[in-house]
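Notes follow the structure.
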Amino acid sequence: MLNSLNLRDWDLIMIQEPYIAFNDVTRATPPWRVVYPRTHKKDPKATHAVILVSKALSTDQWEELPVNSPDIAAIRISGTFGRLRLFNVYNHCDHSRAIQELENFL
108 MLNSLNLRDW DLIMIQEPYI AFNDVTRATP PWRVVYPRTH KKDPKATHAV ILVSKALSTD
168 QWEELPVNSP DIAAIRISGT FGRLRLFNVY NHCDHSRAIQ ELENFL
């Protein structure tokens, strides 16, 4: 899928239930930076959401947001337009902890 995406068309890709390899990272092609939930290093297999950010976006233009949930990957993009916060939220069908964590963050 990632190889078929035209980078001129996409700056961000939100993925839920990403594949996490034996080395505790997901797969991404070279044009992308992967943003994991803040909790990823503690329990990589619990990660349910990631954001792929195009390397065409300068790292001066965006930053990871500190949401403490394996179900939420979040970034803030800044520019002449102001600031925009983006959240990739994985909603479990048996609990609402991700929504509660998002409400706490906001």
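Everything in the sequence shown is counted per the numbering used here, starting at 108 for the first residue and increasing by one. Even glycine gets a Cβ: it sits at the ideal position worked out from N, Cα and C.
Pick helix, strand or coil for F276, following the three-state DSSP scheme.
Outside the displayed span of the chain (108 to 213) sits residue 276, for which this structure offers no information.
Helix, strand or coil for N195? Go by DSSP, reduced to three states.
Locating residue 195 in the sequence shown gives position 88, where the first residue counts as 1. If DSSP states are grouped into helix, strand and coil, N195 belongs with the strands.
In the DSSP assignment, the beta strand (DSSP E) including I127 goes from what residue to what residue?
Counting from one through the sequence shown, the residue named residue 127 turns up at place 20. No residue range can be given for I127, since it is assigned to no beta strand (DSSP E) and is classified by DSSP as neither H nor E.
CA nearest to the CA of H147, picked from Q168, S165, P125 and L164:
Position 40 of the sequence shown holds residue 147. Per the C-alpha coordinates, the member of Q168, S165, P125 and L164 positioned closest to H147 is P125.
Using beta-carbon positions only, say whether E171 and V141 come within less than 8 Å of one another.
For this step, residue 171 is matched to residue 64 along the sequence shown. For this step, residue 141 is matched to residue 34 along the sequence shown. Their beta carbons are not under 8 Å apart, which means E171 does not touch V141 by this criterion.
Stretch-stretch touch, CB-based, cutoff 8 Å, three pairs: the region 150-158 with the region 121-135
Between the region 150-158 and the region 121-135 there are three or more inter-stretch CB-CB distances shorter than 8 Å, so the stretches are counted as touching.
Alpha carbon to alpha carbon, how far is N198 from T187?
Along the sequence shown, one-based indexing puts residue 198 at 91. Along the sequence shown, one-based indexing puts residue 187 at 80. Cα to Cα, the separation comes out at about 32 Å.
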